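First up is the structure itself, then whatever we jot down about it.
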Amino acid sequence: MQRAATLRRVILLKDILRRDIRLREAILRRSTLRRRRSSRKKVVGRHAWRDAWLRFAAAACWKPASEEEPPAACG
């Protein structure tokens, strides 16, 4: 993980030194990457929460309203 971050930093510095992009754009791009990564963490966390909830529902012999069947189905 840290190696990837260092690699990104090196690429960013090379971009600046080559003057392909201005410093401001490089910083903006870096912050956008960071923002994208943090939002992905939230999505992954949400999926883990949903999966845990569905496992609980299955163990308790209970189904979400969308999949609900007559009470007799829960032996």
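Basically the working numbering = 1-based index in the sequence shown + 8.
Heads up, the beta-carbon is just placed ideally off N, CA and C, and yes, glycines get one too.
Please read all numbers here as calculations on a predicted model, not as lab measurements.
{"Query": "Inter-residue Cα distance where the pair is R1 and A66", "Result": "Residue 1 cannot be examined here, being either before or after the span of the chain that is shown, 9 to 83."}
{"Query": "CA-to-CA distance, K22 to A12, given in whole angstroms", "Result": "15 Å"}
{"Query": "Backbone CA spacing between L20 and Q10 [nearest angstrom]", "Result": "15 Å"}
{"Query": "Contacting residues, own chain, Cβ-Cβ under 8 Å from R38 (five flanking each side not counted)", "Result": "R16, L20"}
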